[in-house]
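Here the structure comes first, spelled out in structure tokens, and everything after it is commentary.
In my numbering, the protein residues as written are 835 to 1596.
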């Protein structure tokens, strides 16, 4: 071995020793704490977004105080009000007219008056009804005006009002009294005296306008787990239309495929041994079907999403800015999340994006299941958006926002941390290319997305509402369904309506159907609707005329009338459909945004159904209409309890008016058919149970706007890809070699709850 080799080996040995010493010195040392940089200061709108801001608790309290002092009638707190009382059902923001808002935002006009919409139930008068008042100006109200007739074309009959928590409490008391009349039956069938059974509502409530008769389904109730998978086979029909609670009656009883006039009749049949009884053991908490209690101790933690230098978005009041996006957000207690004045690179794309309704339509051979058509807005999609669990519902370090509301109480309530905002790394390239010919290079961009999320727990189902804003200028709207399935007691030919998922439990088939309003303003308010699709034309081969070619060509069409732009559910739709501006891009094409729907909806309720008009928005996967101030929503909270004479019928919006160069609104339906199966126990998983739509730029820009993203990566074969200056990915080990600051875990979501009967079962 020569001297040169010895020196080389000695040098390698010294280098190895030095590296080992470094490792030993640093082993166990915690990474440094991430140094957060202030977010980019993009928010220059100077409080303009507050024109859409949800009411503050103080404003709500002022409205309540004003109404109590200026209506000239006694008002009872809705949490205690009986049907014969007057009460304030809800107070929410009255969104100003679009023309007023745009004059303020774009034309330098005065800020519109800030007003509230108050819904009151008047039971203590000769003509009981529901009345809606606009109250203003806030914060110190001085006037109110009745807008009911203008909005709905007439008074709202009292029987259409949503059922309150107090009404459910009184119904529960009636059912408990009736159950006491069948003690031996209950002890035998269910090992129960009735007091430990959970009671779940259904809807609608009858068969004709004016009815208020509801089937209630009974389940075994076990603390700490969902009762929805444990039906006992007993269902009761309660008549609760009369304004005197003492006159409410139990009209019918159903058990295991048989109907009875009363619980006394049920008991007599049982004692006479003419009734087939299925003996159910009372479930135990450690073995109940559907328990979500962990079966194994916690394991090692999974991947954690965090921002090494802090959030790259900015949130101020109800306004968010993020890499060219400007978004105003809020929540309606009935219909849930909504957004206004969505801009990208300073240009408004969407004036309003809002959830309208969620329908769950069931099938079963039990009366409660077979008659159920839940309209979740009447129960409160926004109202039941509870606190999100950090690190599970949203990333641990997401920004969490409280939401305040006033419903069924004179006192405002707060759902803490009920909306979250975070930037999401989808671990997928937004775009990329590896060049292996001519020249060698790599170019790409990570798919980072701003996500705004809220989750509504509507008794058994949990709906995850996502609104995502991409670097390509696209908006994505998506809903995931999870939570518990609703079930019926398995008897007879039950599996014609679902699958058996437990010893006596039928997972009942049902349709999920969600409806959205999208008021697009693409390059201005005046737009037209353009469709594009492919067709084949058979031509002679230009260079060999004895042959033919099937050549695809692009068929373009402008839709002129609303009837042309109403696309029935499950019918073929043009593959490209865009809201277009008369203004062209650099290449001469109309600047447009494409609507791309991803949905697996089942069949709509037959139009011959007496209640179909109340959900007539479900006829269409997409309908485009002229925007009208008097058509703000596609449904009404009053449709649930009187679907036979709907307060708002969406079908009436479509009357073949021109839609060429008008202010247009897209009404989008998405959904899926769910046939529950064994894997829906304990819970329905979100995987595969998501639907939604995209709003994608289509010739709106001259090129993909994400080309300007500072997150872009490019390096060639002539560069050192490990150099931080040439490749930002090479900087990550240093930039992200830090531990995120994780505040202590906190959850206060149980603080505003009570053990009172639930306000509805979905």
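Every residue, glycine too, gets a C-beta built ideally from N, C-alpha and C. These figures come from a predicted structure and were not determined experimentally.
Find the nearest neighbour of residue i within the set the options, judged by alpha-carbon distance.
i: residue 1149; options: 1060, 1111, 1285; result: 1285
i: residue 870; options: 1080, 1336, 1576, 1356; result: 1576
i: residue 1085; options: 1125, 1139, 1124, 1012; result: 1012
i: residue 1258; options: 1268, 1291, 1303; result: 1303
i: residue 1536; options: 1419, 1563, 1357, 1432; result: 1419
i: residue 1091; options: 921, 1110, 1076, 1530; result: 1110
i: residue 1468; options: 887, 1192, 1100; result: 1192
i: residue 1426; options: 1099, 1412, 888; result: 1412
i: residue 1533; options: 1440, 1364, 1561, 1569; result: 1364
i: residue 1506; options: 1452, 1067, 1361; result: 1452
i: residue 1322; options: 1383, 1188, 1142, 1049; result: 1049
i: residue 1317; options: 1309, 1515, 1212, 1570; result: 1515
i: residue 1490; options: 1400, 910, 1282, 1315; result: 1400
i: residue 1217; options: 1289, 1188, 1208; result: 1289
i: residue 967; options: 1097, 898, 1001; result: 898
i: residue 1087; options: 1066, 1238, 1517; result: 1066
i: residue 881; options: 1160, 1140, 1293; result: 1160
i: residue 1063; options: 1283, 1043, 1341; result: 1341
i: residue 1176; options: 1308, 1057, 1448, 926; result: 1308
i: residue 1408; options: 1416, 1397, 1429; result: 1429
Find out if the Cβ-Cβ distance for the pair residue i, residue j is shorter than 8 Å.
i: residue 1459; j: residue 1421; result: no
i: residue 1182; j: residue 1355; result: yes
i: residue 1078; j: residue 1335; result: no
i: residue 1138; j: residue 1230; result: yes
i: residue 969; j: residue 944; result: no
i: residue 1125; j: residue 1029; result: no
i: residue 1369; j: residue 1389; result: yes
i: residue 1484; j: residue 1433; result: no
i: residue 1647; j: residue 1431; result: The shown model of the chain, from 835 to 1596, leaves out residue 1647, and the question about it has no answer.
i: residue 1320; j: residue 1220; result: no
i: residue 1094; j: residue 886; result: no
i: residue 1344; j: residue 1324; result: no
i: residue 1293; j: residue 1314; result: no
Given this structure, state the Cα-to-Cα distance separating residue i from residue j, to the nearest angstrom.
i: residue 1202; j: residue 1147; result: 47 Å
i: residue 1528; j: residue 1545; result: 23 Å
i: residue 1381; j: residue 1372; result: 10 Å
i: residue 1153; j: residue 1250; result: 18 Å
i: residue 1347; j: residue 1493; result: 26 Å
i: residue 964; j: residue 994; result: 8 Å
i: residue 999; j: residue 913; result: 7 Å
i: residue 1478; j: residue 1168; result: 21 Å
i: residue 1360; j: residue 1178; result: 18 Å
i: residue 1032; j: residue 1472; result: 26 Å
i: residue 984; j: residue 991; result: 15 Å
i: residue 1055; j: residue 1245; result: 31 Å
i: residue 1596; j: residue 1277; result: Because residue 1596 sits at a pLDDT of 36, beneath the cut-off of 50, its placement in the model cannot be relied upon, and the following sentence gives the value as read from the coordinates. About 48 Å.
i: residue 1035; j: residue 961; result: 28 Å
i: residue 1039; j: residue 884; result: 40 Å
i: residue 1498; j: residue 988; result: 27 Å
i: residue 1274; j: residue 1571; result: 31 Å
i: residue 1242; j: residue 1584; result: 18 Å
i: residue 1281; j: residue 1262; result: 6 Å
i: residue 1155; j: residue 1310; result: 17 Å
i: residue 1105; j: residue 1019; result: 8 Å
i: residue 950; j: residue 1238; result: 14 Å
i: residue 1587; j: residue 1269; result: 58 Å
i: residue 1539; j: residue 1424; result: 17 Å
i: residue 1495; j: residue 1573; result: 54 Å
i: residue 857; j: residue 1554; result: Since pLDDT at residue 857 reaches only 37, below the 50 mark, its modelled position is unreliable, and the value read off the structure follows with that caveat. If I take the Cα positions, the gap works out to 27 Å.
i: residue 1228; j: residue 954; result: 36 Å
In terms of DSSP beta bridges, what is residue i paired with?
i: residue 1420; result: Paired residues: none, contrary to the question.
i: residue 1476; result: Residue 1476 pairs with nothing; no bridge assigned.
i: residue 1343; result: Its beta-bridge partners do not exist; DSSP assigns none.
i: residue 1314; result: 1298, 1524
i: residue 964; result: 955, 990
i: residue 1277; result: 1267, 1548
i: residue 1083; result: 1073
State yes or no: is the C-beta of residue i nearer than 7 Å to some heavy atom of the ligand NAD?
i: residue 1402; result: No copy of the ligand NAD appears in this structure; indeed no ligand is present at all.
Would you list, in sequence order, the uninterrupted beta strand (DSSP E) runs of no fewer than 3 residues that lie entirely inside the stretch 1212–1266?
Counting whole runs of 3 or more residues, the stretch 1212–1266 contains the beta strand (DSSP E) stretches 1233–1241.
In chain order, which continuous runs of the beta strand (DSSP E) of length 3 or greater are located wholly inside the stretch 1510–1590?
Restricted to the stretch 1510–1590, the beta strand (DSSP E) segments that are unbroken, complete and at least 3 residues in length are 1524–1532, 1547–1550, listed in chain order.
Complete runs of the beta strand (DSSP E) confined to the stretch 880–952 [at least 3 residues]
Unbroken beta strand (DSSP E) runs of no fewer than 3 residues, entirely contained in the stretch 880–952, are found at 920–928, following chain order.
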